[in-house]
Every structure is written in structure tokens, then in C-alpha cells.
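Encoded as C-alpha cells, the structure appears first; notes follow it.
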Amino acid sequence: MDHPNLQAELAHDHLSTFKRTLTGILSTTLAERTFAQIIDGLPTRDDVGYFPTYSQEIRDNAASSAEAMGAARRLREHFNTYTTLVDAKLAQAYQDASPGSGEFYLRLLELLAVACHDIAALVYVDTQPGLRRAGQSLEQRLAALEGRPTDLMHEDYYDLQQYPKGVGDVVGYWAEYHLFGGVVLFDRGESGTGCKRAFLHPVGGFRIFQLSDSQIQQFVEYVQRLVEVPEDTQAQPPFPFSAEKYTYRVDPFDAMALGIYRDRYERIIPRDRPARCVQRLADFPELQDAMVQINRDDSGE
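Sequential numbering from 1 applies to the sequence shown in UniProt numbering.
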């Protein structure tokens, strides 16, 4: 992956907006908690995110260690270094978008998601096996994982054999879920490189959902607010997002065929549609409304 010198590649307004927004996201308590779990090498039981059942080790991990929390806070000193770790093609696409346009904010969101993902992957590589696992032998660590590449994993993003950073990318997708509400995807259109609509892929078997106009507007207002205030001023980002009730949803099996993804290598789609024994009612709001109405009719209301 080609990492350009952003100082040279991006115009001042583009660069300052990206750096200010990335720093704002990474300076939150949520980011601190997310990176602390990576540094510990073990998610907390409330933040694991994807296991219907999980190991006793995770069940007993109520909070990240004080050492990991401190290390996560110190990461902020290196944010300016991390902002240079951006793919050249993504930087150029962001540079080509007119400031203030819809494409500008979608390309900015893309750049932010990739930057947060890559930072999480770097932190994982630099700190593995993690503070919670430091005293364990390789055999003990492998036994605790029970065949998983890592405990820091989104259940749909684990095809590490085709990821540029291997397990680091698995951890990066997990971090995206915590920071944004899901892995950040886009409508790539026929070209495969477009950025028409933004989507999130949550955990827990829920369908991929489109960010609504109001959610995109919340993001725009957050960016604009950060740009207008002094750099030491904190503002709470609108993330993580969750699906609005009637938003457009896509089954993960169909997403790539519809051009909804970030990178083609992120998931291997099975040849046959997986059978799902359980459907999330929240993913089908019309059915949910119908069941509410049936219950009301049965109760005589």
C-alpha cells in the first residue's frame, strides 16, 4: 500500500479537516476504551460485541487494565504521525472532492474509517500478545482462542489470508465496529471505486444498513464544529451510529453483488446463501409493525 506524504498530497483545507476530525474521534473515551482492549489483547465482557457465548477469560474481564488505559491515553501524543498512514488512492479521491460537497464528506468518512482501522492494526502488532496474555505460553494463548485468530474480531471479517495486514486487519474491523457502529462500507457503483452512499455492517447477525440523511448531516455538523473551534476543544462525535428503524438494509450475502463494500478482499461470499435459523426482528421493521398490530388486535385495543 502506497502511503503518500499528506502534507504534500492534500490541500491545506482538506488536510486540516482530516487531521482535526481524526484527532477528535481518537480523543474520545470510546476510542480510549477500544484501544485499551487491543493493548490488553483481550476484550471486556461488555465490549466483545460478537459472541453469542464467549470464553470464561472474557467473561471474567470486566474492565481493561489500568496499564492499558494509560497506554491508550498516551497514544494521543502520536496522532500526527498516524495521519500520514493513508493510502495514496484514497487521499487523491478525497483531494478531488470539492470542500463542502456531499462527496467531500463521504470521502472524508472513508479516510477516517481507514485511518482508525489502520491505527488499530498497528497498535495490535506493536502490543501483541497483549498485557493480559503476556505471561501465557503460546500453547495457552492458542487454547484460549479456540481456533479464532483473535478475540478482537467482527464475526463477518476474519478472512485474514487475504488481508494485507493479516490478523491486524481483523482487529481493525473490530475497532471500526466500536468506533463507528459497524464496519464502514460504501456504494461503489459500477466503477467499483465510487463513494455514493455510506453503510455500516454491525455485529450480531444484523443486516448492513445505510446511514440516513440525518445521520450524515450529524457527521457533517460535527466536522464543521471541530473546524471552527480551537484545537484543544473537545466535541462528542455522533458515532457510534445504529440503524434507524426504516433505513435501507442489505443482507450481507447480497452486499457485494449490489456494489456495497469498501474493499473487495474484505469478505469471501459463500457460493450458496447461508441458512439463517434466527432473523433479527429489528431488521424487518414492517414485520415488526405487523406483529405489534396483531398483538393489539388480539388484546382488544
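Every residue, glycine too, gets a C-beta built ideally from N, C-alpha and C.
Excluding the 5 residues preceding and the 5 following residue i in the sequence, name in chain order all residues of the same chain whose CB lies nearer than 7 Å to its CB.
i: Ala68; result: Ala36, Ile39, Asp40 and Leu131
i: Tyr157; result: Val170, Tyr173, Val183, Glu266 and Arg267
i: Val227; result: Thr17 and Arg20
i: Glu103; result: Ala97 and Cys195
i: Arg273; result: Phe253
i: Glu32; result: Met69, Ala72 and Arg73
i: Thr150; result: Val167, Val170 and Val171
i: Gly100; result: none
Tell me the DSSP bridge mates of residue i?
i: Val167; result: Per DSSP, none; premise fails for Val167.
i: Ala198; result: Phe186
i: Tyr261; result: Phe186
i: Gln210; result: Phe199
i: Val250; result: Ile208
Is the beta carbon of residue i sitting closer than 8 Å to the one on residue j?
i: Thr44; j: Ala62; result: yes
i: Tyr105; j: Ile260; result: no
i: Arg207; j: Val250; result: yes
i: Ala91; j: Leu152; result: no
i: Leu42; j: Arg133; result: yes
i: Phe219; j: Leu109; result: yes
Give me the residue from the options with the minimum Cα distance to residue i.
i: Asp96; options: Pro149, Leu160 and His14; result: His14
i: Ala243; options: Val250, Val227, Phe219 and Phe209; result: Phe209
i: Glu155; options: Leu145, Ala31, Arg73 and Gly204; result: Gly204
i: Leu26; options: Pro240, Asp47 and Asp254; result: Pro240
i: Thr247; options: Ala198, Leu111, Pro237 and Glu77; result: Ala198
i: Arg264; options: Ala255, Arg271 and Leu30; result: Ala255
i: Ala88; options: Ala115, Glu77 and Arg74; result: Ala115
i: Phe180; options: Ala71, Leu211, Gln234 and His78; result: Leu211
i: Leu111; options: Pro99, Thr127, Val86 and Gly100; result: Val86
i: Ser191; options: Leu258, His12 and Arg271; result: Leu258
For residue i, which residues in the same chain have their Cβ closer than 6 Å to its Cβ, ignoring the five residues on either side in sequence?
i: Arg107; result: Ala93, Tyr94, Ala97 and Cys195
i: Glu57; result: Ala144
i: Thr127; result: Ile39
Taking only the alpha-carbon atoms, compute the straight-line gap between residue i and residue j and give it to the nearest angstrom.
i: His178; j: His117; result: 11 Å
i: Gly189; j: Val48; result: 33 Å
i: Thr193; j: Gln140; result: 43 Å
i: Gln224; j: Ile119; result: 24 Å
i: Ile269; j: Asp159; result: 10 Å
i: Gln136; j: Leu142; result: 10 Å
i: Pro129; j: Leu138; result: 9 Å
i: Arg74; j: Ser64; result: 15 Å
i: Val125; j: Glu221; result: 34 Å
i: Pro237; j: Thr23; result: 11 Å
i: Leu200; j: Arg262; result: 10 Å
i: Gln234; j: Ala275; result: 45 Å
i: Pro164; j: Arg76; result: 25 Å
i: Ser55; j: Val229; result: 45 Å
i: Ala113; j: Glu176; result: 7 Å
i: Thr29; j: Ala66; result: 14 Å
i: Glu146; j: Gln162; result: 21 Å
i: His12; j: Ala282; result: 43 Å
i: His78; j: Glu231; result: 15 Å
Going by beta carbon distance, what residues of the same chain come within less than 8 Å of residue i, once the five residues before and after it are set aside?
i: Asp60; result: Arg45
i: Leu185; result: Ala198, Phe199, Leu200, His201, Ile208, Ala255, Ile260, Tyr261 and Arg262
May I ask you to check if the CB of residue i is nearer than 7 Å to at least one heavy atom of the ligand SAM?
i: Leu211; result: The ligand content of the structure shown is nil, which means the ligand SAM is not present either.
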